[in-house]
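Asker: Okay, handing you the structure first.
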Amino acid sequence: MKIENLADRLNYAMSQCGMTQGALAKASGVAQPTIWRLANGNARGSTKIVEIANALNVRVEWLSTGEGAMRNGDQDVEPVAQKQSANSYRVDVLDVQASAGPGTMLSNDFIETIRAIEYTPEKGRALFGSIPASSVKVITVRGDSMEGTIDPGDEIFVNVSIRGFDGDGIYVFVFGNTLHVKRLQMHKDKLLVLSDNDRYKEWYIEDGDMERFHIMAKVLIKQTIAYKRFG
Numbered sequence: 006m007k008i009e010n011l012a013d014r015l016n017y018a019m020s021q022c023g024m025t026q027g028a029l030a031k032a033s034g035v036a037q038p039t040i041w042r043l044a045n046g047n048a049r050g051s052t053k054i055v056e057i058a059n060a061l062n063v064r065v066e067w068l069s070t071g072e073g074a075m076r077n078g079d080q081d082v083e084p085v086a087q088k089q090s091a092n093s094y095r096v097d098v099l100d101v102q103a104s105a106g107p108g109t110m111l112s113n114d115f116i117e118t119i120r121a122i123e124y125t126p127e128k129g130r131a132l133f134g135s136i137p138a139s140s141v142k143v144i145t146v147r148g149d150s151m152e153g154t155i156d157p158g159d160e161i162f163v164n165v166s167i168r169g170f171d172g173d174g175i176y177v178f179v180f181g182n183t184l185h186v187k188r189l190q191m192h193k194d195k196l197l198v199l200s201d202n203d204r205y206k207e208w209y210i211e212d213g214d215m216e217r218f219h220i221m222a223k224v225l226i227k228q229t230i231a232y233k234r235f236g
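Under our numbering, think of the first position of the sequence shown as 6, with each following residue one higher.
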């Protein structure tokens, strides 16, 4: 499979350099939300593409469009994307918390993959259907505004390939500088933001808010880890 989009090229270049996402954020001086969106396919481009390319020591044209060689002096060929093992369905767990509450501030420290959960292909299909493993990520929820549906400390599996409203459901989204996990519902021509905990009031995403509003993923399932002490 050839690398055909910016996210694939960015991730390939990082792997070739042995550079983590955090290291790239520091080396390029690019803010954490921008790099995360680019690496996960949640943004088509960035005004900081030159800084990112320089930090990765790759040609700007190759990184932004895929044209030409990856580096000066390289042959004009496309690298082959790394494939997941056919014997496992690997889901990355991200070092990020989405707020089921008033919102978690986005920091400038890049979001790292801290571990991975591996399933058999059969279990992966049972849980996630035809969604490729590269599109499924795990994040932790903080706050109680979705309590009863998603409790504080629960891990949620999200589909990062969904970057726009895809019908009523629970989404992870950025509003301004805060990261949220909330239920979104289309109400006439506006998006209604709902909390399953009735102590939190509903609110709307207005037309004038769209520049500050970015859907990052749609929630698929949750995983609760409960501990019970004996003695």
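Glycine residues also receive a C-beta, built at the ideal position from the N, C-alpha and C atoms. Values in this document were obtained by computation on a predicted structure and should not be read as measured data.
State the DSSP-derived secondary structure class of A121, mapped to helix, strand or coil.
Answerer: Strand at A121.
Asker: Taking 8 Å as the threshold (C-beta atoms), are T125 and D201 in contact?
Answerer: Not in contact: D201 and T125 (Cβ atoms no closer than 8 Å).
Asker: Can you tell me which of the three DSSP states G129 falls into?
Answerer: Three-state DSSP puts G129 in a helix.
Asker: Go through its chain and collect everything with a Cβ distance to E211's Cβ below 7 Å, but skip five positions before and after it.
Answerer: Here the set comprises K195.
Asker: Using a Cβ-Cβ cut-off of 7 Å (strictly less than) and excluding sequence neighbours within five positions of N45, which residues of its own chain qualify?
Answerer: Hits under 7 Å: A12 and V165.
Asker: Return the residue from the list A36, R234, L199 and M221 that minimises the CA-CA distance to F170.
Answerer: Checked all of A36, R234, L199 and M221; the closest Cα to F170 is M221.
Asker: R76 and N59 - do their beta-carbons sit closer together than 8 Å?
Answerer: Cβ distance not < 8 Å, so N59 and R76 don't count as in contact.
Asker: Which residue from I57, F180 and D97 puts its Cα closest to that of M215?
Answerer: The candidate whose alpha carbon is nearest that of M215 is F180.
Asker: Could you name the residues that DSSP lists as bridge partners for F218?
Answerer: In DSSP, F218 forms a bridge with F180.
Asker: Give me whichever residues DSSP pairs with F162 in a beta bridge.
Answerer: F162 pairs with V143 and I226.
Asker: Just verifying my parser: in three-state terms, what is the DSSP assignment at K206?
Answerer: Residue state, collapsed to three classes: coil.
Asker: Going by DSSP in three states, G174 sits in which element: helix, strand or coil?
Answerer: It is a strand residue.
Asker: With a 10 Å radius around its C-beta and 16 neighbouring C-beta atoms as the bar for buried, classify Q26 as buried or exposed.
Answerer: By the 10 Å Cβ count, Q26 comes out buried.
Asker: By DSSP's criteria, L199 is part of a beta bridge. Which residues make up the other side?
Answerer: Note: L199 sits in a beta bridge opposite R188.
Asker: So what's K88 in DSSP terms, helix, strand or just coil?
Answerer: With a pLDDT of 46 at K88, under the threshold of 50, the modelled position of that residue is not reliable, and the figure given next carries that caveat. Here K88 sits in coil by DSSP.
Asker: What residue from A121, D156 and S104 has the CA that sits closest to N182's CA?
Answerer: Residue S104 is the option with its Cα nearest to N182.
Asker: In terms of residues, what are the limits of the beta strand (DSSP E) holding V65?
Answerer: Segment V65 to T70 is the alpha helix (DSSP H) holding V65; no beta strand (DSSP E) there.
Asker: Once you ignore the five residues that flank S93 on each side, which residues in its own chain have a CB closer than 6 Å to its CB?
Answerer: Within the same chain, S93 has close Cβ partners E123.
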